[in-house]
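This report concerns only the one structure given below.
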Amino acid sequence: MSLIEIVAPRPKLADLVAAIQDFGSLQFEEVPLVVAGARSYLHRDQLSDEEIDEQKKLTDVQQSLEEMRAQLYDAFQPEEADIQAARLELKGSGADYLLLTTSRLKRKLSNYIRKRANIKSDIKSLGNYGRRLDDLTGLLSGVRSSEDIAHWALMVGSADQHEFNIMIENLKRVTQNTGKVLQTQATEKERRGTDVVLVTAPAEYTTAVRRLIDECSLSELRLPMAVRSLPLPAAVEHLQKQGMDLPSRLEKIEEDLDAFKHEHQGVLAAIERICADTLARLAVVENMAHSEMLCVSHAWIPSEDIDRLRQALQAKVDPCVVVTELRDMAGQSQNVPVRLENSKAFRPFEKLLNLFSVPLYGSFDPTVLMAVVFPLFFGLILGDIGYGLILLALTLWARRRWRHLPMMGDIAAIAIWCSAASVLFGIIFGEVLGDLGHRIGLVPLVVGGVRLLPIWESREVIIDELLVVSIIIGFVHVTLGLLIGIFESVRMRNQHHLRESLGLLAGLLGLVVLLAPLPPEWIPAGVRKAIGGVVLIGGATTLVINSGAAGPIEIVSLVANVFSYCRLMALGVAGMVLANLANSVAAGQANIIVGILISLPIHILAIALGILEPTIHALRLHYVEFLPKFFIGDGREYTPLRRKGRPDDE
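Just remember that the working numbering sits 5 ahead of the position in the sequence shown, which is counted from 1.
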C-alpha cells in the first residue's frame, strides 16, 4: 500500500473524483495544508452552496428509498442486468430529477400500501363480528323487510336475562302486541357468552321501543361506522357482501404491489446506486485542497496499481495530471489501511477476522488458518450427516432469498464449508439425525467387506477418546499460535513479545513432557521428567525476566486455554444426546405419525443449537485461545472510493 499525491487542474476536480471512483482502489487521506519547510499556499476544499443543496436532496432520496424498502419488506432484489438497463432508461442523474422520480414512485407505493391496510382492517373488523353477523343474518331471513318495520340488534348475555325478560313483557305493551323478539335456537350448553337478539316493531313505535331498550340497560350491536346510517337489514346485507368481496380485493392489491415491485425495483436500485455514488464523491471533496490553479488530493492505493492509475487519470481527466508516490509517509503502519489479499475461496472468512479486529498493516494475516480450522471445529461439534445436509439446504435457500444483501454471499460460503465439514464428521461418527441411521439399518454401512459408515465409531461409545483428541487439538492449535507469535516477533523486532512467546511455549512443552504418560521404551521416565523439568523452569525463568514475578502464572492460563478445547467433545456429545432423545421419544409411540410429530420439535431444537453453539464456540476458541498469541490488531480498514454495486475483487 502506498500513499500518493494527485495534482490536477482545479477546473477538473469533479472529473478527477469521478475517474477515481471509477478506478475504485483509492482511499482518500486528508491533505495537510502546512508542510514543514514549504510555504503554505493550499486551502481546504469546501462544498459549494449548489453541492450542499444537492447533498441534502440526495439524502432525502435515500431516506425515501429506505422507507420504500421497508414497505416492500426489503424487496429490492433485481438482477444486475435489470439495474443497468434501468439506469440507461433514467432521463438524468441530477438530484432534482431523482427526487421527483422517487417522490412519484413513493406516492404510488404509499397509495397501494394504504389501500391494503384499509382492506386488512376491514377484514379484521368483520372477523370480530364473526358468528354474531351470521346469527343476525339468519334471524333477519325470518322476518319481513320493509320500510314500515324497524329493527334492533341487541347483545344479551347471561347477566342481562332479568332485564331482557322485563323488556319482552313491556314490548308487548308499548307496541300493542305488534313487536317481536327473535333469538337463535341454541341450548344452554351451546350458548357462547353473549347472544344476538333481533327485535322488530312497526316503525311508528321506534321512539317507544328505543326508550324501552335504554330503560332496561340493554346494549345494541354496534355495526361498523360506515353502515350505521343504513337500516339494519341493508347494513347486514352490505357487510355480508363486503365480507365476500374483501379477500378478492386484497388479492388484487397484492398483485398490484407485486407488479409495482417487479416493474420499478430496477429503477429504485439504480437510483439508490446513483445517490450513493454521488454522495460518496461529495464526501471526499473536503479531504482535498486547492490553490488558485490546482487541486491536490492524497490517497492510499495498492502499490502495483499506481502506474495503471496514472494512465487512467491522464486519459480520462487531463494529460497534465501528476501522480506521485510519497515514499517517506508510507511506513506509518498505524495509518496505512489494510487490504487483505486472499484467494476467492478464503475471502469470506475475512469477515470473521474483522469481527475480532483488522490486522495491523504488515502483520500476519490468519485468514487462511481460520478458513481451514473454523469449519473443522464446527463440523466436529455438529458431526451429523442429516443435520449437515439440512444446514446446506437452509444455506442455499437463504442465499437465494437474500441474494441482494452484500453480506449474504460471504455468510453462505462459510456455511457451505461448515455443512461439508459436518457431513464429513457425520460419516466418521456414523450419525444421521442422531442414531436414526442405526435404528433404520442404514448404519453400519458395509460394502465388499469394508465398513464405509461409520469410519470410526459413534460418539456415545468413544467419549474418552474424543476428550483426548480435543485436548490434542487444543495443544496443537495453541502451539501453532505461539510459533506464529515467535515468527512475528522476530520479523517485527519485538523483543518483549518474543521472550513472552518463547517462555510460554517452553513452559507448555515442559509440562507436556513432564506429565505425558509416554511408554518407558520410548524414553526412560527419569530422563523424560528431567527434560520436562528443565524446559519448564527455563520457560518460567524467561517469563519472570520478561514480565516479573507474575509471569509464570501465564503458563497456568495457557494450560487452561488448551483444556478449553474440551468443549469440542462436550458440545458434540450433548447435541448427539439431544438428537437421540428425539428418536427415542418417536420410537416409544405406537403411532409413527404421532412419534414424528412429537420428535420433530426436538430435532428442530437440536438443529438450531447445532448451528448456534458450534458457531459461537468455534469463534471463541479463535478469538480467546488462538489469535491473542500472535495477532496484532487495531489496523485501519481499507475502504476505497468505488461505485456501489462493484464487486470487491474487481
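Beta carbons: idealized from backbone N, C-alpha and C, even for Gly.
Since we're looking at a predicted model, the values are computed, not measured.
Measuring alpha carbon to alpha carbon, tell me which of the options ends up nearest residue i.
{"i": "A239", "options": "E152, Q82 and N292", "result": "E152"}
{"i": "V186", "options": "K177, S115 and V204", "result": "V204"}
{"i": "V161", "options": "Q181, L226 and I558", "result": "L226"}
{"i": "V451", "options": "D165, G435, V466 and D440", "result": "G435"}
{"i": "L614", "options": "G577, R315, E242 and R92", "result": "G577"}
{"i": "V377", "options": "L447, A592, H482 and L410", "result": "H482"}
{"i": "T106", "options": "K257, G537, V539 and A274", "result": "A274"}
{"i": "L38", "options": "S302, L70 and V202", "result": "S302"}
{"i": "P252", "options": "I601, R136 and G132", "result": "G132"}
{"i": "I612", "options": "R406, R496, G391 and R456", "result": "G391"}
{"i": "E462", "options": "L401, G439 and Q500", "result": "G439"}
{"i": "I460", "options": "I433, I445, L255 and I476", "result": "I433"}
{"i": "T633", "options": "A208, C423, S506 and D200", "result": "In the sequence on display, residue 633 carries Pro and not Thr. Answer by Cα proximity: S506."}
{"i": "L573", "options": "L610, R504, E526 and S475", "result": "S475"}
{"i": "A231", "options": "H269, N123, P619 and L141", "result": "N123"}
{"i": "F351", "options": "A535, A545, H502 and M375", "result": "M375"}
{"i": "L284", "options": "T64, N585 and Q594", "result": "T64"}
{"i": "E55", "options": "Q68, D101 and V66", "result": "D101"}
What are the partner residues of residue i, as DSSP defines its beta bridges?
{"i": "L8", "result": "W305"}
{"i": "K185", "result": "T205"}
{"i": "D200", "result": "V161"}
{"i": "V455", "result": "V452"}
{"i": "P342", "result": "R641"}
{"i": "P14", "result": "L299"}
{"i": "I154", "result": "P207"}
{"i": "R49", "result": "A294"}
Pull up the distance between the alpha-carbon of residue i and that of residue j, whole angstroms please.
{"i": "R651", "j": "G580", "result": "42 Å"}
{"i": "G543", "j": "I478", "result": "25 Å"}
{"i": "E72", "j": "D261", "result": "19 Å"}
{"i": "G414", "j": "R404", "result": "7 Å"}
{"i": "G248", "j": "Q76", "result": "26 Å"}
{"i": "H295", "j": "R49", "result": "6 Å"}
{"i": "V549", "j": "V539", "result": "15 Å"}
{"i": "F492", "j": "R625", "result": "24 Å"}
{"i": "E195", "j": "G143", "result": "Only weak support is given to the placement of E195: the predicted model assigns it a pLDDT of 47, under 50, and the value that follows is read from those uncertain coordinates. When rounded, the distance between both Cα atoms is 17 Å."}
{"i": "R149", "j": "A206", "result": "11 Å"}
{"i": "L228", "j": "I57", "result": "55 Å"}
{"i": "R286", "j": "D20", "result": "10 Å"}
{"i": "R444", "j": "A417", "result": "32 Å"}
{"i": "F568", "j": "W402", "result": "37 Å"}
{"i": "A320", "j": "R648", "result": "19 Å"}
{"i": "L385", "j": "V473", "result": "14 Å"}
{"i": "L223", "j": "Y210", "result": "18 Å"}
{"i": "A335", "j": "L583", "result": "A caution first: A335 carries a pLDDT of 47, below 50, which makes its placement in the model unreliable, though a value can still be read off. Going from the Cα of A335 to the Cα of L583 covers about 56 Å."}
{"i": "D27", "j": "P16", "result": "19 Å"}
{"i": "P342", "j": "P324", "result": "29 Å"}
{"i": "V12", "j": "Q337", "result": "22 Å"}
Taking a contact to mean a Cβ-Cβ separation below 8 Å, would you say residue i touches residue j in this structure?
{"i": "R641", "j": "N292", "result": "no"}
{"i": "L18", "j": "C300", "result": "yes"}
{"i": "Y628", "j": "F361", "result": "yes"}
{"i": "D389", "j": "G431", "result": "yes"}
{"i": "A91", "j": "G271", "result": "yes"}
{"i": "L52", "j": "Q60", "result": "yes"}
{"i": "L396", "j": "I616", "result": "yes"}
{"i": "L646", "j": "V289", "result": "yes"}
{"i": "T659", "j": "L345", "result": "In this structure the chain extends from 6 to 655, so residue 659 is not present and cannot be described."}
{"i": "L523", "j": "T484", "result": "no"}
{"i": "L331", "j": "I9", "result": "yes"}
{"i": "G486", "j": "F379", "result": "no"}
{"i": "F354", "j": "I419", "result": "yes"}
{"i": "V564", "j": "L488", "result": "no"}
{"i": "L138", "j": "L235", "result": "no"}
{"i": "I560", "j": "G600", "result": "no"}
{"i": "A426", "j": "L381", "result": "yes"}
{"i": "L141", "j": "A158", "result": "yes"}
Does the ligand ZN have a heavy atom nearer than 7 Å to the CB of residue i?
{"i": "S552", "result": "Annotation note on the ligand ZN: not contained in the displayed structure, which lists no ligands."}
When you compare the stretch 85 to 99 with the stretch 303 to 311, are there three or more beta-carbon pairs, one atom per stretch, that lie closer than 8 Å?
no
Does the stretch 274 to 286 touch the stretch 157 to 176, meaning 3 or more C-beta pairs lie closer than 8 Å?
no
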